[in-house]
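>
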Amino acid sequence: MSRPPIASNYFVRRSPGVSAAILFIAIQCSVVMAQGKKRPSLEDYPKVVAVVNGATISRDQLAQACIKRFGPVVLDNLLNKWLIIQACEAKGIVVTQDDVNNEISRTAAKFGISTKLFLENLEEERDVTPEHYAAEIVWPMLALRALASDKIAVTDQEVEATIQSEYGEKAQVRMIASSSAEKAQQLLAEATEAPERFARLATEHSVDAVSASVGGLLPPIRRYSGDDVLERFAFQLGPNEISPVFQVGELHIFLQGIRRHPPRMPDPQLLPKVKERIRDQLRDQRLGKAANEIFAQLQADSEVVTVYGNAELEKQYPGVAALINKQGVSIDMLAYECIKRHGRQILRGEIDRLLITQQLKAKNKVIIQPDIDAEIAIYADRAGYIHPDGSPDTDSWLKSIVEEDGVSVQLYIEDAVWPSVALKKLVEDEVQVTQEDIQKGFESNYGPRAEVLACVLSNQRTAQDVFQQARANLSEENFGELAAQYSVEPVSRSNYGKVPAMRRHGGRPTLEQVAFALEPGELSAVIAWGDQYAILYKQGLTTPIVNDIEVVRPELEREILNKKLQLAMRKKLASIQESSSIDNLLEGTIQTAASK
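Per my numbering, the very first residue in the sequence shown carries number 20; after that it's consecutive.
1) Whole-angstrom Cβ separation of I375 and A441, contact assumed at under 8 Å?
2) Counting Cβ pairs, one atom from each stretch, are 3 or more of them under 8 Å apart for the stretch 230-248 and the stretch 508-518?
3) State yes or no: is the C-beta of I579 within less than 8 Å of the C-beta of D456?
4) Hey, out of N99, D118 and K582, whose CA is closest to A310's CA?
5) In angstroms, rounded to a whole number, what distance separates the CA positions of I46 and T222?
6) Report buried or exposed for R78, applying the criterion of at least 16 other Cβ atoms within 10 angstroms of its Cβ.
7) Using alpha carbons as the reference points, say which of S598, L575, E470 and I386 lies closest to D539.
8) If the criterion is Cβ atoms closer than 8 Å, does the pair S463 and H524 meet it?
9) Terminal residues of the continuous beta strand (DSSP E) containing H271?
10) According to DSSP, is D434 helix, strand or coil?
11) Given a threshold of 16 other Cβ atoms within 10 Å of its Cβ, counted over all protein chains shown, does Q205 qualify as buried or as exposed?
12) Would you say the stretch 265-281 touches the stretch 155-165, given that touching needs at least three Cβ pairs under 8 Å?
13) Are the Cβ atoms of Y327 and G111 separated by less than 8 Å?
14) Between the alpha carbons of P519 and S232, how many angstroms are there, rounded?
15) In chain order, what residues of the same chain lie with their CB nearer than 7 Å to the CB of L537, ignoring the 5 residues before and after it?
16) On the DSSP letters alone, give me the boundaries of the beta strand (DSSP E) that D400 sits inside.
17) The ligand ADP and A587: does any heavy atom of the ligand fall closer than 7 Å to the residue's C-beta?
18) Under three-state DSSP, which class holds I171?
19) Got a sec? Which residues, its chain only, sit under 7 Å from E356 by beta carbon, not counting five neighbours each side?
20) Which residue marks the beginning of the alpha helix (DSSP H) containing A213, and which one marks its end?
21) At the level of alpha carbons, what is the spacing between S184 and A210?
22) What are the complete beta strand (DSSP E) segments, minimum 3 residues, inside the stretch 516-577?
23) Less than 8 Å between CB atoms is the rule here; does N492 satisfy it with respect to chain B?
24) Whole angstroms are fine: how far does the CA of I546 sit from the CA of A213?
25) Taking only three categories from DSSP, how would you classify F43?
26) Can you find the residues in the same chain that come closer than 8 Å, C-beta to C-beta, to A612, ignoring five residues on each side of it along the sequence?
27) In terms of residues, what are the limits of the beta strand (DSSP E) holding M352?
28) In this structure, what does DSSP give as the bridge partners for N603?
29) Measuring alpha carbon to alpha carbon, tell me which of A473, E155, R360 and E62 ends up nearest I104.
30) Considering only DSSP beta bridges, list what P411 is partnered with.
31) Count the C-beta pairs between the stretch 382-395 and the stretch 126-137 that are closer than 8 Å, then say yes if the count reaches three, no if not.
32) Restricting to Cα atoms, I'd like to know which of G466, L141 and G268 is closest to L560.
33) Please name the residue, chosen from A354, I313 and R302, that lies closest to R88 on a Cα-to-Cα basis.
34) Would you be able to state if there are at least three C-beta pairs under 8 Å between the stretch 114-121 and the stretch 328-345?
35) Once the 5 residues before and after S49 are set aside, which same chain residues still bring their CB inside 7 Å of it?
36) What are the start and end residues of each continuous alpha helix (DSSP H) run of 4 or more residues lying completely inside the stretch 297-338, in chain order?
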């Protein structure tokens, strides 16, 4: 589903509920509960949190922006924070700082890096500080493990089954899927009569588009993969044997056996580490469900009243966000926690909003309601929300935003639509669609595509060796076997070299040039492709369905204009940011306009 570009860094999927508590329960609750300790409050942050080209963003503005976007989720987490600590106290469970440190070190070791580097990467790549990670992710996870220990235990048999699934024998098959049982039986008869045509039948008739594009090939099927029916039939088949039709969901499918991949069990010396990893994975998979059950029970046993968002209760309890067992959680505390958890992200968005507003004023650009309505209509149309008369169904689109993303229409407009409209206003005079753009777009989207087998190698020496083997026995079958054995690219390796057909102007010019230059049955030389090497075997070209560019010109113009606008908008925002004077007092960073 298409969404407007996010200039403000705000618009993220948020799903309120107890399951989110796993990520946000804070150990700092113990600080608040301890007598004699100062309660954290908004006063801990500076009154002015940012200065942008001389204009200021206040602490109160940031607090309101954070509460508007994350208030309900953070409040749920605050309440759950109290509940889990009370549950730990009732059961005598204590999670120490050493427990937290050891878990962090253990997690870092899984990635093969030091604890210091692991925490640095978290902060740089995910904007999660070490303190936040320890207090609001690791500590609650350990507490929940202790509370749910009887619900998340993993047996040796489960570990062994997972080892067999990951490292054991795998079955390679082709599949034909049909929505009609009668059609499936008809195709089965054709495939049984001529098994060598199975791949072509899959390409022409299977309703599963992904596998049909590679002749019906499925990724190797593992044991204990979760799909018992498909697994059972796949492992019953020998090479070229065909299964009867069976039903999976609403589809009627049948398989053709290709080969068996032998087991590749881990080195005995590494087996203890493998078992530890699997045990951790299985335990953590169960932890989410167990946590929901724990919180549901804790909430049922407690008196929890949510005041925030309830107009009547807000009048009755001014300045209070919620009551838990008759103890109040203040709005001030909620604002503090919202800034603590999301302030940096939201402040960056507020800075961007202010920068864009300043640019609109400087350029004498004004956004009016019809601009907003038109932008919403564009995205409703692109997402497929259309009235019978062909006009965009914006009401249904906005309803889907509220239901799927958990945000209000007002917030959606503020955080997604307005920034998109504003940036378009700033770049609309700079973007044009040329005839060359349309011609390339037509060739890319509607022109013939090169059907090839590919083998991707990590070093030139191996690539040269594979090339020699392919040239010595130049056939589609031999090349497919070489790809299955040597290719480091997952799709070509699992599908005997078969990759989706290449189109022109698809973003891989080196490979595309070679693929279209080859004749059917020809082998390419070794192609240097980034830090890898590729060899192609040409199968042929697809036949275009649309040959008249004028038929699709309006659609091409819209799509190309949109892509060029998006690129120009991103560049414009980056240019505005780089050429501005920004003091971010929350993060302690200073940027002067002269430092561009």
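C-beta atoms are modelled at their ideal positions from N, C-alpha and C, and glycine is treated no differently.
Computed from a predicted structure; not experimentally measured.
On the basis of the coordinates in this document:
1) 5 Å
2) yes
3) yes
4) N99
5) Bear in mind that the predicted position of I46 carries a pLDDT of just 39, short of 50, making it unreliable; the figure below should be weighed with that in mind. Approximately 56 Å, taken between the alpha carbons.
6) buried
7) Sequence inspection shows Pro at residue 539; the Asp mentioned does not correspond to that position. Comparing Cα positions, the closest option is E470.
8) yes
9) L270 to H280
10) helix
11) exposed
12) no
13) no
14) 6 Å
15) S543, L555 and K557
16) Not the beta strand (DSSP E): D400 falls in the alpha helix (DSSP H), residues Q388 to R401.
17) As presented, the structure is devoid of all ligands, the ligand ADP included, so that no description of it is given.
18) coil
19) V93 and L97
20) A213 -> no alpha helix (DSSP H), and no H or E assigned at all.
21) 30 Å
22) 546-548 and 551-560
23) Note that chain B does not occur in the displayed structure, where there is just one protein chain.
24) 37 Å
25) Annotation note: pLDDT 36 at F43 (below 50); position unreliable, no value reported.
26) N72, S598, S599 and S600
27) Where M352 is concerned, there is no enclosing beta strand (DSSP E), although the alpha helix (DSSP H) it sits in stretches over I350 to A381.
28) A69 and T608
29) E155
30) I405
31) no
32) G466
33) A354
34) no
35) In this predicted model, S49 has a pLDDT of only 41, less than 50, meaning its place in the structure is not dependable; the value taken from the coordinates is given anyway. The residues are I104.
36) 330-335
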